[in-house]
Each structure stands twice: as C-alpha cells, then as structure tokens.
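Colleague:
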Amino acid sequence: MKSLICIWIALCFIGCGNSEKKEVLELVKEWNGKEILFPTESYTTVLGKDTFMMEENPEYKVVVYTDSVGCTSCKLQLHRWMELMHEVDSLAKGRVSFLFYFYSERKNELNDIFHRFNFVYPVYWDEKNEFYRLNRFPSDITFQTFLLDKSNKIIAIGNPVHNPKIKDLYMNIIQGKAASESEGIRTKINIKSTDLSLGAFDWQQEQTVEFILENTGERRFGADDSGQYPDAGG
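For the sequence shown, my numbering assigns the number 1 to the initial residue and increments by one for each residue that follows.
(1) Would you call the region 99 to 118 and the region 22 to 32 touching, i.e. three or more CB-CB distances under 8 Å?
(2) Judging by CA-CA distance, which residue of F131, N129, R133, A156 is the nearest neighbour of T142?
(3) Reducing DSSP to helix, strand and coil, say where T66 ends up.
(4) Over the uninterrupted alpha helix (DSSP H) stretch that includes I174, give me the two end residues.
(5) Please confirm whether N135 and I36 have their CB atoms less than 8 Å apart.
(6) Given this structure, state the Cα-to-Cα distance separating T45 from F131, to the nearest angstrom.
(7) Of the residues Q77, E59, H115, which one's Cα is nearest the Cα of D89?
(8) What is the rounded straight-line gap between the Cα of W125 and the Cα of N108?
(9) Going by the beta-carbon positions, is the gap between S97 and K128 smaller than 8 Å?
(10) Helix, strand or coil for Y132 per DSSP?
(11) Starting from the C-beta of F100, find all residues in its chain whose C-beta is less than 6 Å away, skip the five residues before and the five after it, and write them out in chain order.
(12) Identify whether E183 lies in helix, strand or coil by the three-state DSSP scheme.
(13) According to DSSP, is T142 part of a helix, a strand, or is it coil?
(14) Using only CA atoms, which one of P138, N111, F117 lies nearest to E83?
(15) Could you tell me the alpha carbon to alpha carbon distance between T216 and A92, rounded to whole angstroms?
(16) Below 8 Å between beta carbons: does that hold for P160 and I166?
(17) Skipping 5 residues on each side, what residues in its chain have a beta carbon closer than 6 Å to that of Y43?
(18) So, L47 versus F137, is the Cβ gap smaller than 8 Å?
(19) Answer with buried or exposed for G33, where buried requires no fewer than 16 other C-beta atoms within 10 angstroms of its C-beta.
(20) Quick check on DSSP: helix, strand or coil for F114?
(21) What residue range is occupied by the uninterrupted beta strand (DSSP E) comprising L78?
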C-alpha cells in the first residue's frame, strides 16, 4: 500500500519533466511513513483572538505549514480550504482534523486575510518556527501539506486544494478506498490455461486459438456500480 501511494502521488505530477518526476518520486519515498513532530510552544487563534484548542487524536489529520515567503493569500486559498473541510466533515464527521501552522512576521496581514474570508477555524501561530525546525519540510510549498494517520505518520503528501488529483487521493484514503480504486472499477479474472499451443505453421498463414477467461471477482463486466446488470427493457 505504501509503495502504491508513492507511485500514485508521483503520477499526480506527471506534467513535470523527467528529472522533476524522479525528484518527486524520491521526495515522496523519503517522506511517506515519516512521523511529523509538533511544537510545544505554538498557540491557537481564531480571527486573531487567542483561543483554546482541545487535544484530540482523530483517525486522520490534514496538516498545513505556511511561512511568510511569497504571496500568503495566493498560497493559502482559504475559500477552497473551507469548501474542502465542509466536504470532508460531511463524509467523515469527527474522523479528520485540519491543523494550520503559520510562521510569519506579518500577523496583521494574515489576520486581515482571515477576516476577509471569515475563516473561523483555529490556526496555530508558531512564532519561533519550531514546527519547521523539528521536521525540516521540503522547500517547495507543494510538499508542505500532509495527510497523517492516528500516529502522526505521513500517508500522503501534497496540497489537495492546489491539485485535484491529490484531493482525490486524500478523499479515497479517508473513505477507506485503495489508491487504485480511483482509476476505475476493478475485478478479478482467472485464465483456465496459461499455455497456448499454436502448433507449427507457415508465417504467411493465419492461426487462431481459443482460450477462456473466467470472471472470479465481485464485479461483472457490463454491470453497474451496484453489481447488477442494467435492465435492457422490452
């Protein structure tokens, strides 16, 4: 499962050049399964006001790290995060938490952004950038968002609001689907004979042979998603 997710994530960035694809695959292999360490001195706020965040250990955590480099509003895409959080909550209520960690000297700018989008969710202020120092995240912001399991180990990496394929991967994992399920319906088949003899014949002659494929899976070709064949009518 671990290697499958590594390959799946690398395919999400298939538009990259060959050298970039290799770097992405190596990065994903390095980070997949790593435990994320959390700082002890960060504090939480909602719309710039101090708040208290209860300790919880849900089944999954989506962790977002953001520093002050570049356009903060562009990187955050808060409206899209709110849409995703609402969607996840409707599918897996209470099983997923979202943790936003900020290291920035431009607090007023960030608070203005939160107010502009009415982002009424707790965020963590990490004034000493301890979160980064504990984990040494990749410099590419594409890989500063993670899906963690209950033991805080990375099971997927990538930003789901910037990349729809990464979003699909996150949603599939949260809903208990294998990564390969997103590629289409699968079934199992059995070939009764793995040896086919064509005999001796001239290369100019056409030769045919029959073999039998047996569907042994739960899906049937031509069936709908419920496993039933649609009514042909008449």
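In this text, a Cβ means the ideal position worked out from N, Cα and C, and glycines have one as well.
Modeller: In short:
(1) Segment contact: the region 99 to 118 against the region 22 to 32, fewer than three CB-CB distances shorter than 8 Å; contact not assigned.
(2) Sequence index remark: in the sequence shown, residue 142 carries index 142 (1-based). Of the candidates F131, N129, R133, A156, the one whose C-alpha sits nearest the C-alpha of T142 is A156.
(3) Position 66 of the sequence shown holds residue 66. T66 falls in the strand class under three-state DSSP.
(4) What you label residue 174 is simply residue 174 of the sequence shown in a count that begins at 1. Counting along the chain, the alpha helix (DSSP H) containing I174 begins and ends at 164 to 174.
(5) Taking the first residue of the sequence shown as 1, we reach residue 135 at position 135. Taking the first residue of the sequence shown as 1, we reach residue 36 at position 36. Cβ distance < 8 Å, so N135 and I36 count as in contact.
(6) Stepping through the sequence shown from its first residue, residue 45 is reached at position 45. Stepping through the sequence shown from its first residue, residue 131 is reached at position 131. If I take the Cα positions, the gap works out to 17 Å.
(7) For the purposes of this step, residue 89 is taken as residue 89 along the sequence shown, with counting starting at 1. Looking at the Cα atoms, E59 is the closest of the given residues.
(8) Here residue 125 is taken as the residue at index 125 of the sequence shown, counted from 1. Here residue 108 is taken as the residue at index 108 of the sequence shown, counted from 1. Each residue's Cα considered, the two are about 12 Å apart.
(9) Position 97 of the sequence shown, counted from the start, is the residue given in the question as residue 97. Position 128 of the sequence shown, counted from the start, is the residue given in the question as residue 128. No, these two residues do not count as a Cβ contact at 8 Å.
(10) For the purposes of this step, residue 132 is taken as residue 132 along the sequence shown, with counting starting at 1. Of the three classes helix, strand and coil, the one that applies to Y132 here is helix, per DSSP.
(11) Mapped onto the sequence shown, residue 100 falls at position 100. Here the set comprises V64, V123.
(12) Position 183 of the sequence shown, counting from 1, holds the residue named residue 183. Here the model assigns E183 a pLDDT of 46, short of 50, so the residue's position is not dependable, and the following value carries that caveat. If DSSP states are grouped into helix, strand and coil, E183 belongs with the helices.
(13) Taking the first residue of the sequence shown as 1, we reach residue 142 at position 142. Of the three classes helix, strand and coil, the one that applies to T142 here is helix, per DSSP.
(14) One-based indexing of the sequence shown puts residue 83 at position 83. E83 has its Cα closest to that of F117, out of P138, N111, F117.
(15) If you number the sequence shown from 1, residue 216 lands on position 216. If you number the sequence shown from 1, residue 92 lands on position 92. For T216 and A92, the distance between alpha carbons rounds to 32 Å.
(16) Translated into positions along the sequence shown, residue 160 becomes position 160. Translated into positions along the sequence shown, residue 166 becomes position 166. For P160 and I166, yes; Cβs fall inside 8 Å.
(17) Residue 43 sits at position 43 when you count from the first residue of the sequence shown. If we look at Y43 and ignore the five residues flanking it on each side, its Cβ neighbours are W125.
(18) Your numbering for residue 47 matches position 47 in the sequence shown. Your numbering for residue 137 matches position 137 in the sequence shown. Not closer than 8 Å, so no.
(19) Counting from one through the sequence shown, the residue named residue 33 turns up at place 33. Exposed is the call here.
(20) Taking the sequence shown and counting its residues from 1, one reaches residue 114 at position 114. Helix.
(21) On the sequence shown, position 78 is the one that residue 78 refers to. Per DSSP, L78 belongs to no beta strand (DSSP E); it is in the alpha helix (DSSP H), 78 to 91.
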